[in-house]
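A.B. asks:
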Amino acid sequence: MLIAGAGPVGLTMALELARYGVPVRIIDKVPEPTHTSRAVAVWPRTLELLDRSGAAADIIAIGNKVTVANILSGGRSVASLSLDQIPSPYPFALMVPQYETEAVLRRHLTAHGVTPDLGVELLGFEQDEDGLSARLREPDGTESIKRFAFLVACDGAHSVVRHRLGLEFHGDTLGLDWTQGDFHLSGYPFPSSQMAIFWHEDGPLLFFPMAPDRARIITSLGVSTGAEPVALEQKAFQKMVEARGPGGITLTGTEWVSAFRINERQVENYRSGRVFLAGDAAHIHSPAGGQGMNTGMQDAINLAWKLALVSHGVASAPALLESYDLERRPVGAQVIAASGRMTRIGTLPDHTLQHVRDFIAHILMGLPPVQRAITGLMAEVSIGYPNSPLNGPSLGEVKAGARVRPVAGVAPFGSGNTPVFTACGGSGAAKLASHFPRLVVALACPSGEEALLSLVRPDGYLAAAVQDADWEALIPYLDHLGTERREPII
Ligand SMILES: Cc1cc2nc3c(=O)[nH]c(=O)nc-3n(C[C@H](O)[C@H](O)[C@H](O)COP(=O)(O)OP(=O)(O)OC[C@H]3O[C@@H](n4cnc5c(N)ncnc54)[C@H](O)[C@@H]3O)c2cc1C
């Protein structure tokens, strides 16, 4: 398996495959890891999924937990969203520079015996029935052709793989220029556990605290002229903070600044034969809400167990690999739409509309169901795969395709070193597991809940649910995955 790109998505992909025992080569054209801060928020669902490899605890150890998101306008509070109500063992947004997240992933990957090959560039590839030939440029400049079964393109927004496949990257570039930076500061009027968005008539100002005296600050620069946007240095940024912020904040040092324009684009298909696209190679969107890296890492986690099952010869159904695009493309579209909406709301140019917005937002965001809907989307805990072709029958309130909430203190689904489904139930669950020993493990349900048999995918989404006594109803479902080496029914 070849992974092109050792950013957060490629590293997540490699880590998942490596811990499932799939031989993997991960390459990156840069000679050493990048040290720019970039994506700063890691959301609860990503942490839940990273807990399966053990990486979540290490990232949490170095991050700053934010439990409240404040929105203010004209000095008044519009809304205060409680992230600690998010239904997850990790009810917070974790603020940590992207290079530190990447460093943790690299460390865990190395523990599985895989090191990214830096300075190696993917130049091109050809697919055939048996595999894929990749043309690589090694660090000494020599070119070689190497064979792989599959290629996962985690090569970022300017993906060479996407270009080579001739896939469209549909979407638009929004009309505003933006600047952002990680600054040391004093006078931030909230505790470091609270982020703040100041809606201002000239453009929003966003603070993501990374420590009591350090924050990522983002603000808009105005309508794009078409020229490359230029980042504001500390002095000019300070003026923006004074003009748009609450007053009293002093920037005392700069870690990193950059400028950007928001692109909202998504590739037309996340798969082409033996090639899969994940992360920024497949979708890019507004940083409002900090979803880009999270969504990409979750792409990788969705795909990895499917590739691992196919690679180990445990499951062979075409539907398994086909489901990657069918599951993740709608999620990407949803994230693009939601982050775009947040950006447009925060950058309304008309002053009358701004007042209407503040008034309506104050009322709506004060309602607990609206708060839950917004935070659930940002945390990506409400995202699931309701229309997945992998969904089996389901009973009760939780439908197949929905996220199964992990239980604090219990090993998360899919955390072993094989990509197995977990059958939670009574004796039926145990029988199902013994019938498919390479694909299913049994987990005893808490007492009183054994009557229902829930089959959970290795990535923690519900595959199917039946009465425990009807466990045999799930045999056709698992057979349908193309499962081999089925044991006889005992
Ligand atoms: C300046 C900047 C600021 C950002 N700020 C935020 C933010 O505030 N919040 C947020 O959520 N997101 C932000 N992002 C986006 C976030 O960084 C991305 O969503 C995230 O990095 C996506 O990860 P990825 O692994 O898909 O791609 P990348 O991190 O881009 O990694 C792709 C890797 O592929 C490698 N590569 C490319 N082509 C080849 C090739 N042919 N062969 C081998 N290797 C190759 C590249 O060197 C790179 O290391 C920002 C991005 C940038 C650039």
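Yeah, the sequence shown ends on 1048 if you go by the numbering used here, and it's all consecutive. Note that the Cβ used here is the ideal one computed from N, Cα and C, for glycine as well.
Hey, quick one: how far does the beta strand (DSSP E) through R596 stretch, first residue to last?
C.D. replies: The residue you call residue 596 lines up with position 38 of the sequence shown. Counting along the chain, R596 falls outside any beta strand (DSSP E), and DSSP gives it neither H nor E.
A.B. asks: Counting C-beta neighbours from all protein chains within 10 Å, is the total for V636 16 or more, i.e. buried, or is it exposed?
C.D. replies: Counting from 1 along the sequence shown, the entry for residue 636 is found at position 78. Its Cβ being crowded by 16 or more others within 10 Å, V636 is buried.
A.B. asks: Is the separation between the beta-carbon of R720 and that of A839 shorter than 7 Å?
C.D. replies: Position 162 of the sequence shown, counted from the first residue, corresponds to residue 720. Position 281 of the sequence shown, counted from the first residue, corresponds to residue 839. Yes, the Cβ-Cβ distance between R720 and A839 is below 7 Å.
A.B. asks: Span of the alpha helix (DSSP H) holding A619?
C.D. replies: Here residue 619 refers to the residue found at position 61 when the sequence shown is read from its first residue. Where A619 is concerned, the enclosing alpha helix (DSSP H) stretches over 613 to 620.
A.B. asks: What does N821 pair with, by DSSP beta-bridge criteria?
C.D. replies: One-based indexing of the sequence shown puts residue 821 at position 263. T731.
A.B. asks: Could you please give the first and the last residue of the uninterrupted beta strand (DSSP E) stretch that includes I629?
C.D. replies: Against the sequence shown, residue 629 aligns to sequence position 71. Taken as a continuous stretch (DSSP letters only), the beta strand (DSSP E) holding I629 covers 626 to 631.
A.B. asks: Under 7 Å, do A692 and L879 count as touching if we go by C-beta distance?
C.D. replies: Taking the first residue of the sequence shown as 1, we reach residue 692 at position 134. Taking the first residue of the sequence shown as 1, we reach residue 879 at position 321. No; because the gap between Cβ atoms is not below 7 Å, this pair is not in contact.
A.B. asks: Going by DSSP, what residues sit across from Y1019 in a beta bridge?
C.D. replies: On the sequence shown, residue 1019 is found 461 positions in, with the first residue counted as 1. DSSP, once it has assigned bridges, lists R961 as partnering Y1019.
A.B. asks: Among D1017, S985, L997, R996, whose alpha-carbon lies nearest the alpha-carbon of E1007?
C.D. replies: By 1-based counting over the sequence shown, the position of residue 1007 is 449. For the residues D1017, S985, L997, R996, the minimum Cα distance to E1007 belongs to S985.
A.B. asks: May I have a chain-ordered list of the beta strand (DSSP E) segments no shorter than 3 residues that lie completely inside the region 790 to 857?
C.D. replies: Correct list: 808 to 825, 833 to 835.
A.B. asks: Check whether the region 962 to 972 and the region 1021 to 1040 touch, using three or more Cβ-Cβ pairs below 8 Å as the test.
C.D. replies: Counting Cβ pairs under 8 Å, fewer than three are found: no touch.
A.B. asks: May I ask whether a heavy atom of ligand 1 can be found less than 6 Å away from the beta carbon of V567?
C.D. replies: Your numbering for residue 567 matches position 9 in the sequence shown. The answer is yes for V567.
A.B. asks: Do you know offhand how far L997's Cα is from V889's?
C.D. replies: Your numbering for residue 997 matches position 439 in the sequence shown. Your numbering for residue 889 matches position 331 in the sequence shown. When rounded, the distance between both Cα atoms is 26 Å.
A.B. asks: Please name the residue, chosen from H870, L1032, N975, A794, that lies closest to L990 on a Cα-to-Cα basis.
C.D. replies: In the sequence shown, residue 990 corresponds to position 432, counting from 1. Selected option, being the one with the closest Cα: L1032.
A.B. asks: Quick one, which of A715, D688, G805, L694 has its alpha-carbon nearest L681's?
C.D. replies: Along the sequence shown, read from residue 1 onward, the residue named residue 681 stands at position 123. Among A715, D688, G805, L694, the Cα nearest to that of L681 belongs to L694.
A.B. asks: What's the gap between the Cα of T737 and the Cα of V815?
C.D. replies: Along the sequence shown, read from residue 1 onward, the residue named residue 737 stands at position 179. Along the sequence shown, read from residue 1 onward, the residue named residue 815 stands at position 257. For T737 and V815, the distance between alpha carbons rounds to 7 Å.
A.B. asks: What's the C-alpha gap between A789 and P845?
C.D. replies: Locating residue 789 in the sequence shown gives position 231, where the first residue counts as 1. Locating residue 845 in the sequence shown gives position 287, where the first residue counts as 1. Cα to Cα, A789 sits roughly 16 Å from P845.
A.B. asks: Closer than 6 Å by C-beta to L948: which residues in its own chain qualify, once you throw out the five before and the five after it? Chain order, please.
C.D. replies: If you number the sequence shown from 1, residue 948 lands on position 390. S881, listed in sequence order.
A.B. asks: Should P674 go down as buried or exposed, given a rule of 16 or more other Cβ atoms within 10 Å for buried?
C.D. replies: Looking up residue 674 in the sequence shown gives position 116. P674 is buried by the Cβ-count criterion.
A.B. asks: If we call anything under 7 Å between Cβ atoms a contact, is D1017 one with N860?
C.D. replies: By one-based count along the sequence shown, residue 1017 stands at place 459. By one-based count along the sequence shown, residue 860 stands at place 302. Yes, the Cβ-Cβ distance between D1017 and N860 is below 7 Å.
A.B. asks: Give the DSSP-derived three-state secondary structure of K989 in the structure shown.
C.D. replies: Working through the sequence shown from its first residue, we reach residue 989 at position 431. K989: helix per DSSP, three-state reduction.
A.B. asks: Assess contact between the region 637 to 653 and the region 582 to 596, defined as three or more Cβ pairs (one per stretch) separated by less than 8 Å. Is contact present?
C.D. replies: As far as the Cβ criterion goes, the region 637 to 653 does not touch the region 582 to 596, which means the pair count is below three.
A.B. asks: Can you give me the start and stop residues for the alpha helix (DSSP H) that R930 sits inside?
C.D. replies: Mapped onto the sequence shown, residue 930 falls at position 372. 926 to 936 is the span of the alpha helix (DSSP H), which, as asked, contains R930.
A.B. asks: Thinking C-beta only, is G837 closer than 7 Å to C712?
C.D. replies: Along the sequence shown, read from residue 1 onward, the residue named residue 712 stands at position 154. Along the sequence shown, read from residue 1 onward, the residue named residue 837 stands at position 279. In this structure, G837 lies closer than 7 Å to C712 by Cβ.
A.B. asks: So what does DSSP say about S750, is it helix, strand or coil?
C.D. replies: If you number the sequence shown from 1, residue 750 lands on position 192. Of the three classes helix, strand and coil, the one that applies to S750 here is coil, per DSSP.
A.B. asks: With a CB to CB cut of under 6 Å and the five nearest residues on each side skipped, what residues in its chain are close to Y657?
C.D. replies: Within the sequence shown, the letter at position 99 stands for residue 657. Cβ within range, chain order: H593.
A.B. asks: With distances taken between CB atoms, is the gap from L1054 to A988 smaller than 7 Å?
C.D. replies: In the structure as shown, the chain begins at 559 and stops at 1048. Residue 1054 is therefore absent and cannot be evaluated.
A.B. asks: Got a sec: does ligand 1 put a non-hydrogen atom nearer than 6 Å to the Cβ of E687?
C.D. replies: As a first step, residue 687 must be located in the sequence shown, where it is residue number 129. No, the Cβ of E687 stays beyond 6 Å of every heavy atom of ligand 1.
A.B. asks: Beta-carbon separation of P602 and Y648 under 7 Å?
C.D. replies: Within the sequence shown, residue 602 is the residue found at index 44, counting from 1. Within the sequence shown, residue 648 is the residue found at index 90, counting from 1. Result yes, Cβ atoms of P602 and Y648 sit closer than 7 Å.
A.B. asks: Determine the extent of the alpha helix (DSSP H) in which V672 is found, giving its start and end residues.
C.D. replies: Residue mapping note: residue 672 aligns to position 114 of the sequence shown, counting from 1. Note, V672: premise wrong, no alpha helix (DSSP H); not H, not E.
A.B. asks: Kindly indicate which three-state DSSP category D1037 falls into: helix, strand or coil?
C.D. replies: For the purposes of this step, residue 1037 is taken as residue 479 along the sequence shown, with counting starting at 1. Residue state, collapsed to three classes: helix.
A.B. asks: Counting C-beta neighbours from all protein chains within 10 Å, is the total for G503 16 or more, i.e. buried, or is it exposed?
C.D. replies: As shown, the chain starts at 559 and ends at 1048. That puts residue 503 outside it, with no answer to give.
A.B. asks: Compare the Cα-Cα distances from G848 to each of F708, A613, V654, L630 and report the closest residue.
C.D. replies: Translated into positions along the sequence shown, residue 848 becomes position 290. Selected option, being the one with the closest Cα: V654.
A.B. asks: What are the partner residues of M653, as DSSP defines its beta bridges?
C.D. replies: As a working note, residue 653 is residue 95 in the sequence shown. Note: M653 sits in a beta bridge opposite A599, N622.
A.B. asks: If you measure from the CB of A715, is any heavy atom of ligand 3 nearer than 6 Å?
C.D. replies: Ligand 3 is absent from the structure shown, which contains only ligand 1.
A.B. asks: For R823, which of M855, A817, H716, F748 has the nearest alpha-carbon?
C.D. replies: To locate residue 823, count along the sequence shown from 1; it is residue 265. Of the listed residues, the one whose Cα sits closest to R823 is H716.
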